[in-house]
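Just below is one structure, and these are the notes that go with it.
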Ligand code: C5P
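Residue numbers (this note's numbering): 10 to 230.
Right, here's the structure in full:
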């Protein structure tokens with residue numbers, strides 16, 4: 010499982026997103042499609058970006074009864090996304106049902122990642138995150154969304170192969186925006202993150218391709 014930089018494509022519509030991706034010309038960065046873009050454009054935006062050759066993390070954070078999550082995950086799996094997620098606060102039954110729904114007839118499925126706290130700001134929250142991470146691991150999920158500052162603890166609790174997908178990334182000389190605890194791509198690498206999720210430091214940069222390449226240089230090496 011290679012380390013990679015995932016660009017959070019938090020755009021209002023398809024036009025803005027595709028204009029942004031066009032700047033990358035031959036390159037095909039791993040992209041995250043979140044609720045804003047998905048709700049605006051529907052599944053077609055996933056098909057279109059996939060057809061352009063990008064890997065896709067579909068960040069819809071499902072949380073419902075097991076049967077609903079299973080059926081919804083089956084729909085997302087048919088979109089051929091590479092990674093999707095659900096809320097770690099859901100039950101083990103919900104997580105197991107999600108995996109069943111995601112698994113295709115040939116046995117393959119997208120990676121399934123659990124979202125822990127949206128921002129862990131205290132010891133208590135960190136403790137809860139570790140509990141969520143262990144539950145997710147027991148249910149057969151592939152990893153968690155967490156802070157890079159928690160990556161080592163997650164790996165200790167759940168094994169090196171359990172993925173840590175980490176937002177809250179900023180360049181050393183960049184704006185923090187609304188993220189309270191931030192980590193540079195290089196620091197996230199040092200802390201053992203498997204994937205960094207980077208939005209505005211790339212999407213709002215004067216030269217987004219250069220900003221992406223800087224992330225890759227710092228994080229992947
Ligand atoms: O622009 P920025 O780099 O802050 O974007 C971070 C991305 O990661 C956003 O798409 C946000 O929804 C997502 N995210 C986050 N913190 C979490 C979980 C997800 O920032 N705890």
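Each residue gets a CB set at the ideal place from its N, CA and C atoms; glycine is no exception.
**Study point:** Closest by C-alpha distance to residue 226, when choosing among 88, 194, 199
**Key:** Locating residue 226 in the chain shown gives position 217, counting from the first residue. Considering only alpha carbons, the answer is 194.
Review point. Going straight from the alpha carbon of residue 140 to that of residue 97, what length do you get?
Key: In the chain shown, counting from the first residue as 1, residue 140 sits at position 131. In the chain shown, counting from the first residue as 1, residue 97 sits at position 88. Computed Cα separation, rounded: 9 angstroms.
Exercise for review: Rounded to whole angstroms, what's the CA-CA distance from residue 38 to residue 101? Just pull it up for me.
Suggested key: Sequence index remark: in the chain shown, residue 38 carries index 29 (1-based). Sequence index remark: in the chain shown, residue 101 carries index 92 (1-based). Going from the Cα of residue 38 to the Cα of residue 101 covers about 32 angstroms.
**Study point:** Beta-carbon proximity list for residue 164, same chain, < 8 angstroms, skipping 5 on both sides
**Key:** For the purposes of this step, residue 164 is identified with residue 155 of the chain shown, where counting begins at 1. Correct list, in chain order: 171, 173, 201.
Review point. CA-CA distance, residue 27 and residue 131?
Key: As a position in the chain shown, residue 27 is number 18, starting the count at 1. As a position in the chain shown, residue 131 is number 122, starting the count at 1. CA-CA distance, residue 27 to residue 131, rounds to 38 angstroms.
Exercise for review: Measure from the alpha carbon of residue 199 to the alpha carbon of each residue in 63, 175, 15, 187, then state which is nearest.
Suggested key: For the purposes of this step, residue 199 is identified with residue 190 of the chain shown, where counting begins at 1. Taking each of 63, 175, 15, 187 in turn and checking the Cα distance to residue 199, the smallest one comes out for 175.
Check your understanding: How big is the Cα-Cα spacing for residue 58 and residue 115?
Key -> Counting from one through the chain shown, the residue named residue 58 turns up at place 49. Counting from one through the chain shown, the residue named residue 115 turns up at place 106. Across the structure, residue 58 and residue 115 are spaced so that their CA atoms are roughly 23 angstroms apart.
Check your understanding: Under the three-state reduction of DSSP, which class applies to residue 85: helix, strand or coil?
Key -> For the purposes of this step, residue 85 is identified with residue 76 of the chain shown, where counting begins at 1. Helix.
Review point. Is residue 19 near the ligand C5P, judged by its Cβ being under 7 angstroms from some heavy atom?
Key: Position 10 of the chain shown, counting from 1, holds the residue named residue 19. Yes, Cβ of residue 19 sits closer than 7 angstroms to a heavy atom of the ligand C5P.
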